[in-house]
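2 protein chains.
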Amino acid sequence: MTRRLKFYGWGFEGDGLSEPERDHLFRFVAEKLGAGPRPSGPPPQESEIVLRAPRVAPPAALAGVLTAEPYERLLHTYGKSFPETVRAFARDFANAPDLVAVPANESEIAAVLDWASSAKVAVIPFGGGSSVVGGVEPAVGDSYSGAVSLDLRALNRVIEVDPASRAARIQAGIRGPAIEAALKPHGFAIRHYPQSFEHSTLGGWIATRSGGHFATLTTHIDDFVESLRTVTPAGILESRRLPGSGAGPSPDRLMMGSEGSLGVIVEAWMRLQGRPRFRADAVFGFPDLFAAARAVRAVAQAGLYPSNLRVIDNDEAGTYAVNAYEESLLVLAFESSDHPVGPWMARAAELVSDHGGRRHDAEDAGQRWRMAFIRMPYARELTVPMGVINDTFESAVTWDRLEAFHTVVRAATEAALTEATGNAGVVSTRFTHVYPDGPALYYTFSAPGDPARLIEQWRHIKASASDALIAAGGTITHHHAVGRDHMPWYREQRPALFGAALAAAKRALDPAGVMNPGVLVP
Amino acid sequence: MTRRLKFYGWGFEGDGLSEPERDHLFRFVAEKLGAGPRPSGPPPQESEIVLRAPRVAPPAALAGVLTAEPYERLLHTYGKSFPETVRAFARDFANAPDLVAVPANESEIAAVLDWASSAKVAVIPFGGGSSVVGGVEPAVGDSYSGAVSLDLRALNRVIEVDPASRAARIQAGIRGPAIEAALKPHGFAIRHYPQSFEHSTLGGWIATRSGGHFATLTTHIDDFVESLRTVTPAGILESRRLPGSGAGPSPDRLMMGSEGSLGVIVEAWMRLQGRPRFRADAVFGFPDLFAAARAVRAVAQAGLYPSNLRVIDNDEAGTYAVNAYEESLLVLAFESSDHPVGPWMARAAELVSDHGGRRHDAEDAGQRWRMAFIRMPYARELTVPMGVINDTFESAVTWDRLEAFHTVVRAATEAALTEATGNAGVVSTRFTHVYPDGPALYYTFSAPGDPARLIEQWRHIKASASDALIAAGGTITHHHAVGRDHMPWYREQRPALFGAALAAAKRALDPAGVMNPGVLVP
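Protein sequences, first through last, are from chains A and B. Start counting the first sequence at 165; every next residue gets the next number (this note's numbering). Start counting the second sequence at 165; every next residue gets the next number (this note's numbering).
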């Protein structure tokens, strides 16, 4: 028996936080947000939800590909964002797709796109459905005759491994653990582990420019893509497998981050990593985030390329019960499939110490944080019915602007929490990825909200934080993607003429404009 | 007094090979190509050339920006390719630009593009003019009322240095040595040294996706670009300075490699490097290229990131008088501004030795080759009047296909040399850059030709080699760019639908289609 995914939250039905994890969460809510658990309702049941009748019927030729089965329509209504979860718990599935496509292969995908283009039906590619930015909700407006969510789950194989080049041809709908399992017998690994790893897909990673395992150097999935194959309404677009090329602008770089708006990524040749045989880890404490940042910058500019170089600030460490808020923690790690990493770690540790880092004896802190990090997505199905607002956003900025940026973004978020909820709430920060020219910052905010006004309250906080980070020179997203939620700030960030060029490219690939409308274009 | 550039060859008037360098070259031609020096003529003089009268006149508002001065028109007729040099020596300047623009600033560039768009005049951005692929020749056909070469030389400053982020805002028209001079007082360097370094520009590097100093990791200029500012006929396109972003497809990656076809890159924020304080070098010998390739692959996949990891095959080593053709040489180097590189070099050297490399005591070989490499571009003004065909081409391919690729490409090139010239000629090969999934290969071919048919003979060889490398799965160019010469094979290589998307993007940015017509689009 295959397990069913929850249509209202993270993971499979039956999975969730353990009792100790729940206890910690409830204690956090009570102590830090100053709110006791409120009356909370059970998650939605399929039988409680009345779905609108499909506005379009599958054509006969696609009867085996398209379904109007209610569970499938529910599962494909939402990603995993805060407002989506609130609406799911409110039993609001107004934007459910009319139909769900589960194509078995590329030609069925092409057939769906053909039909959708001629019938003016919106098509929303769906990988793991882990979008936290409204990337998969069929909120496409009334100019379409209907909406289809196109699930890539049947394209779930590692087709071919090239051990000489350390590359593999992999279908887009495969999830993280299945990739790892298929590569392991060959001695390789993907070494790309976003928080969503268990329930996200290769195609989703590429379409959203996912950020993964490595904190430096190869932070985005982009650098692991050797070539791409995409089905667009205008036909197949496949790039040549090449280790490098200077032949015009990169075709792959147009598809990376296209979020389903140009076509359906169906396959990629991916660069693989050897399985790590040598590792070294260390954790350092600093009085605050900016002190840790100076050490991080020194390591990031030293050409050492640690696999981990992350910081959690005092608030984040305290929230996750890693310490009692007294330190920001810098987690440093090296890994190699080829050589002992002692000299690398020695120099990086020296740089961190030179910048005031206090080395911890035990590495528990990093491990404890890591487990909490992976289990986080399960928390929302508990916090939403408690009326707690809890979300994250992320950005990146150059080092010269870091302190000004963080100061105004944090202040704007805190002010907005109070304005929206009357409660100061909690804001915490980490560095998820680090470049020689600046860090990627990740913010988590929480406050007790008004159960009747959660989305409105959330929207005020989200908009205030986004306004602040764009004004302070950051990006609206480092690795969560744009989706529908970030469009206003994406339009501010991107050069207007690039928007025009992208819209023109879309018209060439998707003449009927059916691919994930409202995302990226216009 | 400023020195004048040669309009028919490499470098400044008066510069060229030394007597010993000439002797070596003549000996190579005599001994290896089986041809004694033929009667050779002197280089063309300005006074010998009759230029067509300009087909367009500068509008009054641009009188100070546009010139019809004959030397300027000659200088902007050609890049530095073999067939262009042949035509220059034949006093053929039929495609000279009607006018040359030397704008002092961005608004003058915008004014030139406005005028050109309304008057249907082709505009060809010109940096250092070092294109070897026909990228700057105003061969634009009769559908334009004229052609302007737009020289960026007045935009030649490093405007701003951000030491915290290790980045600098640099104008596009500045040449390599001036960038280095401006960064040196700040303790930084660009660490991007294409062979053309002395006579090429930052904007040219970005527009052509130049390959530079580093043999691994950051091989292309692409990875050093933090943000770009481009003047297009439709207006200014400027990306935000960001260390990383996942907000949609990268705007910068559309402009990188656009070869002047979408607009004029005027400025970039570039990521800088610390000046190297620690270095280590080693040279290893192998019986042949494939033996060296196995060692290179091991190092490239070990996560060590040497600054140099290049191979010259037996023929290349012999041609450059580095040895007597008995070995292929692998040149390995590490550099760091932060730490001694001993452990890095020790592990890489161990891998090379494990794969059969014989370490040389002296490092002369690498140095000798490097000097010859930098001086090479001066040779053509001697070989062309001798009737010698001499050119290079480059590609990249994944490791799994390397041996098959190299075997057929080399054989096709050798066969074509004989077919075209009746002489076996000489073909040599090197690896210029190396990726975990494959090497970039660089071929040099030479043969004595028929002075009356040099271009026709060259074209047969070039076409045969290009056909072979595209059929064998390579790229038509790793870092020389596409220009006009590579268009037939670029069209085969790029996904057809990407071509359509690029053409659509161009229509959005360059509605009148005046930017470098014939290059990349359609």
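All C-beta atoms, glycine included, are put in the ideal place defined by N, C-alpha and C.
DSSP three-state assignment for P234/A, whether helix, strand or coil: The answer is helix: DSSP assigns P234/A an H, G or I state.
Alpha-carbon to alpha-carbon, E212/A and L238/A: If you draw a straight line from the Cα of L238/A to the Cα of E212/A, it is about 11 Å long.
Reduced DSSP category for E431/B - H, G, I as helix; E, B as strand; rest coil: DSSP places E431/B within a strand segment (E or B) once states are collapsed to three.
CB contact flag (Y606/B, T585/B, <9 Å): A distance of 9 Å or more separates the beta carbons of Y606/B and T585/B.
For G467/A and P360/A, believed in contact at Cβ under 8 Å, the rounded distance: The sequence shown places Ser at residue 360/A, rather than the Pro named in the question. Their Cβ separation, rounded to whole angstroms, is 31 Å, which puts S360/A and G467/A out of contact at 8 Å.
Any C-beta of chain A under 9 Å from that of M420/B: Yes, its Cβ sits closer than 9 Å to a Cβ of chain A.
Identity of the residues DSSP links to G400/A by a beta bridge: Before going further, note that residue 400/A is Ile rather than Gly in the sequence given. In the DSSP assignment, I400/A forms a beta bridge with V395/A.
Chain B contact for G130/A (CB, 9 Å cutoff): Absent from the structure is residue 130/A, since the part of chain A shown begins at 165 and ends at 686.
Completely contained alpha helix (DSSP H) runs for the region 425-504 of chain A, where each covers 4 or more residues: Segments of the alpha helix (DSSP H) lying fully in the region 425-504 of chain A: 453-464, 478-483.
Cα-Cα separation between F253/A and I619/A, rounded to whole angstroms: The alpha-carbon of F253/A is positioned some 12 Å away from that of I619/A.
Within 9 Å, strictly: CB atoms of E210/B and R333/B: A distance of 9 Å or more separates the beta carbons of E210/B and R333/B.
Listed by chain order, chain B residues near V287/A by CB distance under 8 Å: Those within 8 Å of V287/A in chain B number zero; the least Cβ separation is about 17 Å.
Complete beta strand (DSSP E) runs within the region 278-352 of chain A (minimum length 3 residues, chain order): With a minimum length of 3 residues, the continuous beta strand (DSSP E) runs that stay inside the region 278-352 of chain A are 285-290, 310-315, 322-326, 331-335.
C-alpha distance - G178/B paired with P652/B, whole-angstrom precision: One Cα belongs to G178/B, the other to P652/B, and the distance between them is close to 37 Å.
Any chain B beta carbon closer than 9 Å to S271/A: Taking a beta-carbon distance threshold of 9 Å, S271/A does not count as an interface residue toward chain B.
Identity of the residue in T608/A, A459/A, V516/A nearest A328/B by Cα: For A328/B, the closest C-alpha among the options T608/A, A459/A, V516/A is that of A459/A.
Chain-ordered chain A contacts of I553/B [CB-CB under 9 Å]: Among the residues of chain A, none has a CB under 9 Å from the CB of I553/B; the nearest is roughly 24 Å distant.
Inter-residue Cα distance where the pair is H644/A and A260/B: Taking the straight line joining both Cα atoms gives about 51 Å.
Alpha carbon of S309/A to alpha carbon of A283/A, nearest angstrom: Spanning the two alpha carbons is a distance of roughly 7 Å.
Interface residues of the region 386-409 of chain A facing chain B [CB-CB below 7 Å]: If you check each beta-carbon in the region 386-409 of chain A against every beta-carbon of chain B, the ones closer than 7 Å belong to E390, T396, A398, G399, L401, E402, S403, R404, R405, L406, P407, G408, S409.
Alpha-carbon spacing of S492/A relative to V590/A, whole angstroms: About 16 Å.
CB-CB length for F448/B against L496/B, believed under 8 Å: Contact holds; Cβ gap of about 7 Å.
Inside the region 239-265 of chain A only - beta strand (DSSP E) runs reaching at least 3 residues: Note on the region 239-265 of chain A: whole beta strand (DSSP E) runs with a minimum of 3 residues are 263-265, in chain order.
Residues of the region 636-653 of chain B with Cβ closer than 8 Å to any Cβ of chain A, in chain order: Under the 8 Å Cβ criterion, the region 636-653 of chain B contributes G637, G638, T639, I640, T641, H642, H643, H644, A645, V646, H650.
Distance, E272/B Cα to L230/B Cα: Whole-angstrom Cα-Cα distance: 10 Å.
Residue interval of the alpha helix (DSSP H) (run including A576/A): Element bounds for A576/A: 566-585.
Run of the alpha helix (DSSP H) containing F662/A, from where it starts to where it stops: Run containing F662/A: 660-673, per the alpha helix (DSSP H) assignment.
Three CB pairs or more closer than 8 Å across the region 365-377 of chain B and the region 408-425 of chain A: Result yes; three or more Cβ-Cβ pairs closer than 8 Å.
Neighbour flag for Q359/B against chain A, beta carbons, 9 Å: No, no contact with chain A.
CB contact check: A665/B to chain A, cutoff 9 Å: Using a CB distance cut-off of 9 Å, A665/B counts as an interface residue toward chain A.
Beta bridge counterpart(s) of I553/A as assigned by DSSP: DSSP, once it has assigned bridges, lists A611/A as partnering I553/A.
Candidates D326/A, P289/A, S281/A, of which the one nearest S307/A by Cα: Put simply, of D326/A, P289/A, S281/A the residue whose alpha carbon is nearest the alpha carbon of S307/A is S281/A.
Cβ neighbours of P541/A in the same chain (closer than 6 Å, five flanking residues each side left out): Same-chain partners within the cutoff: W174.
Below-9 Å beta-carbon distance, W174/A vs any chain B residue: With 9 Å as the cut-off, W174/A does not count as an interface residue toward chain B.
Within chain B, partners of G467/A - CB distance below 7 Å: Near G467/A (Cβ distances below 7 Å), the residues of chain B are S500, D502.
Three or more C-beta pairs below 8 Å linking the region 312-325 of chain B and the region 390-406 of chain B: Output reads no: the region 390-406 of chain B does not touch the region 312-325 of chain B.
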